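Visitor: Numbering (numbering that gives the first Met the number 0), first residue to last: 0 to 304.
Glycine included, each C-beta is placed from N, C-alpha and C at the ideal position.
Being a predicted model, the structure only gives us computed values, none of them experimental.
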Amino acid sequence: MALPTVTSSTFAGKDAGFYISAALKEANSLNFLTSMENVKYKAVIQKLESGAEMADSTCDFTTAGTLVLTEAIITPKDLQVNMEICSKNLLDSWEALEMRAGAGAPAPASFDDYLISHLAGRISQGVENAIWSGNDATGGSFTGLTTAAVGRLVVDATVIDVANAGGAGTAYSATNIIGNLQAATAAIPSNVYTKEDLYIYMSPKSYRLYISAISALGYVNAYSMNGDYDAVFEGIKLAVCNGAEDDKLVCAEKSNLFFGTDLLSDSTNIQLLDQSAVGSLNTRLIARFTGGTQVGIGADVVFVS
0 MALPTVTSST
10 FAGKDAGFYI
20 SAALKEANSL
30 NFLTSMENVK
40 YKAVIQKLES
50 GAEMADSTCD
60 FTTAGTLVLT
70 EAIITPKDLQ
80 VNMEICSKNL
90 LDSWEALEMR
100 AGAGAPAPAS
110 FDDYLISHLA
120 GRISQGVENA
130 IWSGNDATGG
140 SFTGLTTAAV
150 GRLVVDATVI
160 DVANAGGAGT
170 AYSATNIIGN
180 LQAATAAIPS
190 NVYTKEDLYI
200 YMSPKSYRLY
210 ISAISALGYV
220 NAYSMNGDYD
230 AVFEGIKLAV
240 CNGAEDDKLV
250 CAEKSNLFFG
260 TDLLSDSTNI
270 QLLDQSAVGS
280 LNTRLIARFT
290 GGTQVGIGAD
300 VVFVS
């Protein structure tokens, strides 16, 4: 059969928001962070602290307590994906999709959609990794939350730092993961401990080690971890984030960890540019988006590294 011509197509405005949003929101960490959209350049996270408001009653108006307003700035970084792909290498797979067996097979997607789908996961994974271990000084990334030396939680001196229960530099294992989780939860401030949106953030590897540990203790069947099981440790929900770094734990409220972006702005777009008009079988993919992280109140966050 004759292959269809891949036409040049530009997705902008609303459609651009859909495509780039679909790519970024596959990063599951965004389910456990506070997303700030439409941040064109910078956004201010205002932090209000107060204390000693209550006092003995008098007949006069006597002020008591203090209010301190501080700010944290989130500055999403402009990023892009520029790739040139030989269409011939992907057309074979797409043609197989066109010719799937079965009279009831659904209609295949256009080649443009197929190509976007093929690459969206790669964009998503890059964003997911940057949220935790990205470095703004590295091309194609932004500063993450736990990046060694420069991470948001690393440079914030008010964050509660907890040492690895197995010793500095010790990799997590099924024998020490519970000790690290206990050390983390013990350090959570009392005013944070009962918050509804409190999570322990961990990597998939750390979660597997936790499952292994409680399995050895005989708890897996007792807690019926199939079906609608909610991952928890001592009553605190676990946020298993695909991009979270191994051998690190973070205890924080979802409302205190931020991801900023401008997903739906006019500058967000994905373009597929067919180069056949200039005698080439290549297709160029151009994607532009923004991303950045920030922590609100560091003193309410526990970081085990």
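Is the region 170-189 touching the region 198-208, taking contact as three or more C-beta pairs under 8 Å?
Guide: As far as the Cβ criterion goes, the region 170-189 touches the region 198-208, which means the pair count is three or higher.
Visitor: In whole angstroms, what is the alpha-carbon distance linking A42 and I72?
Guide: Position 43 of the sequence shown holds residue 42. Position 73 of the sequence shown holds residue 72. Approximately 6 Å between the Cα atoms of the pair.
Visitor: So what does DSSP say about Q79, is it helix, strand or coil?
Guide: In the sequence shown, residue 79 corresponds to position 80, counting from 1. The answer is strand: DSSP assigns Q79 an E or B state.
Visitor: Could you pull out every residue in the same chain whose Cβ sits closer than 7 Å to the Cβ of D229, ignoring the five residues on either side in sequence?
Guide: Within the sequence shown, the letter at position 230 stands for residue 229. So the qualifying residues of the chain are K236.
Visitor: Would N37 be called buried (16 or more neighbouring beta carbons within 10 Å of its own) or exposed?
Guide: The residue given as residue 37 occupies position 38 in the sequence shown. That one is exposed.
Visitor: Determine contact between the region 189-200 and the region 247-259, defined as no fewer than three beta-carbon pairs at a distance below 8 Å.
Guide: Judged by Cβ distances under 8 Å, the region 189-200 makes contact with the region 247-259, as three or more pairs qualify.
Visitor: Going by other Cβ atoms of all chains shown within 10 Å of its Cβ, with 16 needed for buried, is R306 buried or exposed?
Guide: No information on residue 306 is available, as it lies outside the stretch 0 to 304 that the chain covers here.
Visitor: Which residue's Cα is closest to the Cα of A238: L180, C58, N134?
Guide: For this step, residue 238 is matched to residue 239 along the sequence shown. For the residues L180, C58, N134, the minimum Cα distance to A238 belongs to L180.
Visitor: Report the residue from T157, A182, I176, A129 whose alpha carbon sits nearest the alpha carbon of I210.
Guide: Position 211 of the sequence shown, counted from the first residue, corresponds to residue 210. With distances taken between Cα atoms, I210 lies closest to I176.
Visitor: Starting from L197 and walking both ways along the beta strand (DSSP E), at which residues does that stretch end?
Guide: Stepping through the sequence shown from its first residue, residue 197 is reached at position 198. It spans 197-201 - the beta strand (DSSP E) in which L197 sits, taken as one unbroken run.
Visitor: Going by DSSP, what residue range makes up the alpha helix (DSSP H) through G290?
Guide: In the sequence shown, the residue the question calls residue 290 occupies position 291. Per DSSP, G290 belongs to no alpha helix (DSSP H); it is in the beta strand (DSSP E), 281-294.
Visitor: On a CA-only basis, which of C58, A186, N241 is nearest Y206? Give me that one, please.
Guide: Here the question's residue 206 lines up with position 207 in the sequence shown. That would be N241, whose Cα lies nearest to the Cα of Y206.
Visitor: Nearest to S28 by CA position, among D55, W131, Q79, is which residue?
Guide: Residue 28 sits at position 29 when you count from the first residue of the sequence shown. Of the listed residues, the one whose Cα sits closest to S28 is W131.
Visitor: Just mark A63 as buried or exposed, buried being the case when its beta carbon has 16 or more other beta carbons within 10 Å.
Guide: Residue mapping note: residue 63 aligns to position 64 of the sequence shown, counting from 1. A63 is exposed by the Cβ-count criterion.
Visitor: What number of angstroms, rounded off, separates the C-alpha of V303 from the C-alpha of I44?
Guide: As a position in the sequence shown, residue 303 is number 304, starting the count at 1. As a position in the sequence shown, residue 44 is number 45, starting the count at 1. If I take the Cα positions, the gap works out to 24 Å.
Visitor: Find the nearest neighbour of A129 within the set S279, S275, G291, L216, judged by alpha-carbon distance.
Guide: The count along the sequence shown starts at 1 and reaches residue 129 at position 130. For A129, the nearest C-alpha among the options comes from G291.
Visitor: Compute the Euclidean distance between the alpha carbons of V301 and S140, then round it to the nearest angstrom.
Guide: As a first step, residue 301 must be located in the sequence shown, where it is residue number 302. As a first step, residue 140 must be located in the sequence shown, where it is residue number 141. Spanning the two alpha carbons is a distance of roughly 25 Å.
Visitor: Using the Cα positions of D261 and S116, report the straight-line distance between them to the nearest angstrom.
Guide: Counting from 1 along the sequence shown, the entry for residue 261 is found at position 262. Counting from 1 along the sequence shown, the entry for residue 116 is found at position 117. Roughly 21 Å separates the two Cα atoms.
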